[in-house]
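Residue numbers (the numbering used here): 1306 to 1715.
For every residue, glycine included, the Cβ atom is placed at its ideal position computed from N, Cα and C.
As the structure is a computational prediction, the values presented were derived from the model and not from experiment.
Notes follow once the structure below has been shown.
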Ligand SMILES: O=C(CCc1ccccc1NC(=O)c1cccc(C(F)(F)F)c1)NO
Ligand SMILES: [Zn+2]
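Listed below in structure tokens is the structure:
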């Protein structure tokens, strides 16, 4: 809608409450709405949804996410872009030929290779990463979606490109890991490198973005920054603050290891202070943000204590830099709350407000008993003392941070 009040309203009309209300709402909404309006590409197709929806660990999540985004009326403000299948060449840009061949062939066998056979195990295709039917085709399409998202940014067809089906950050060049088979993020970043020189990858999933960090730990062209839970015995076990990259890539891997119970205010305070440093030092030209929602208080991992607002504030900071930005999915095992969170991020990028309640739609009942769009924090103990967080920021900025002023507002 145009932001200019309609011209030529007779005096009489202005007095009518409807017009007056419109004038007022335009005024206030103008104040609140973010200055710049982003062109948002949303990568989606019925086929991609159907395939992603069958992934064992997140069966049914893709359907909830897309149907909520659709039912809150956001699609009209997005450019819906169809994915393509990642080609063999795309995939071999990162993954090893023997792993790709094994993954492609094993997917054909109706019940998948027996996941205990030694070959499968050597490629990580066992317990955490079961070989389900059609897994190669599904992951090729998911990866192609992330590549298409990258292409919309390269062609300047959009300012923000979203692929909630992507974000599979654990996959390694020669093996599956952590339920990730093909690392769509690495493929998307390699595509972005065809145009951009300095790429910033930020990972706010509960788990360390090890696959992406490993892929780029030797290069200064891609800075990877991961905020994650880091505690003895917690998957994947990497991502210590001392892990800073190697060779030419030294100092271009940043890790922010956190403890259970962190809440929006503290997470955002740490995020803001570290990302401010990263921006000054690295001056990125494009941002890839993995928005795994397993950090929500209601996630069955019962680890962090975030709400959709904390995650949205982090994404909001990245968007405020007005750089081409890609938003990707990832973890998130409370499906309704993951859907709410990613709907909120989509609305933030599109500069559109959301209703307070879940609209009537096919999956309404999944949002009971409150049927609200918001998610809430629990009152679990925060193991991250202010001292721990201040020391962490001091180590990363390699200068004493006397007091980390924890403020919840931007
Ligand atoms: O979310 C992930 C993968 C987490 C993972 C890696 C390896 C083995 C198991 C997991 N966990 C799950 O995929 C998972 C899925 C559903 C529910 C849970 C639970 F433990 F939180 F309940 C955990 N990476 O960002
Ligand atoms: Zn995760």
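Neighbourhood of residue i by C-beta distance below 8 Å, restricted to the same chain and skipping five residues each side
i            : result
residue 1541 : 1475, 1482, 1483, 1512, 1513 and 1515
residue 1358 : 1364, 1365, 1366, 1367 and 1368
Beta-carbon gap between residue i and residue j smaller than 8 Å
i            : j            : result
residue 1444 : residue 1470 : no
residue 1595 : residue 1429 : no
residue 1531 : residue 1560 : yes
residue 1453 : residue 1386 : yes
residue 1546 : residue 1700 : yes
residue 1459 : residue 1397 : no
residue 1528 : residue 1583 : yes
residue 1407 : residue 1424 : yes
residue 1598 : residue 1637 : yes
residue 1600 : residue 1554 : no
residue 1289 : residue 1521 : The requested residue 1289 does not occur in the structure, where the chain is confined to residues 1306 to 1715.
residue 1608 : residue 1691 : no
residue 1505 : residue 1587 : yes
residue 1670 : residue 1467 : no
residue 1519 : residue 1477 : yes
residue 1449 : residue 1389 : yes
residue 1451 : residue 1490 : yes
residue 1447 : residue 1648 : no
residue 1370 : residue 1630 : no
Buried/exposed call for residue i, threshold 16 Cβ in 10 Å
i            : result
residue 1557 : buried
residue 1537 : exposed
residue 1652 : buried
residue 1626 : exposed
residue 1686 : exposed
residue 1665 : exposed
residue 1615 : buried
residue 1605 : exposed
residue 1697 : buried
residue 1432 : exposed
residue 1661 : exposed
residue 1456 : buried
residue 1571 : buried
Close-in-space but distant-in-sequence residues of the same chain around residue i (CB under 7 Å, 5 per side omitted)
i            : result
residue 1462 : 1346
residue 1361 : 1435 and 1437
residue 1495 : 1398 and 1399
Residues of its chain near residue i, where Cβ-Cβ distance is below 6 Å and the 5 sequence neighbours each way are ignored
i            : result
residue 1319 : Legend: pLDDT at residue 1319 = 47, less than 50; position of this residue unreliable, no value from coordinates given.
residue 1564 : 1688 and 1689
residue 1672 : 1641 and 1663
residue 1575 : 1694
residue 1659 : 1377, 1652 and 1678
residue 1507 : 1530 and 1594
residue 1715 : In this predicted model, residue 1715 has a pLDDT of only 39, less than 50, meaning its place in the structure is not dependable; the value taken from the coordinates is given anyway. Here the set comprises nothing.
residue 1354 : 1367 and 1371
Limits of the unbroken alpha helix (DSSP H) element including residue i
i            : result
residue 1649 : 1640-1655
Run of the beta strand (DSSP E) containing residue i, from where it starts to where it stops
i            : result
residue 1357 : That residue, residue 1357, is in no beta strand (DSSP E); its alpha helix (DSSP H) goes 1351-1357.
residue 1595 : 1591-1595
residue 1346 : 1345-1348
residue 1533 : 1527-1534
residue 1466 : 1465-1468
Point to revise | Distance cut 5 Å, beta-carbon to ligand 3 heavy atom: residue list by chain order | key: As presented, the structure is devoid of ligand 3, carrying ligand 1 and ligand 2 as its sole ligands.
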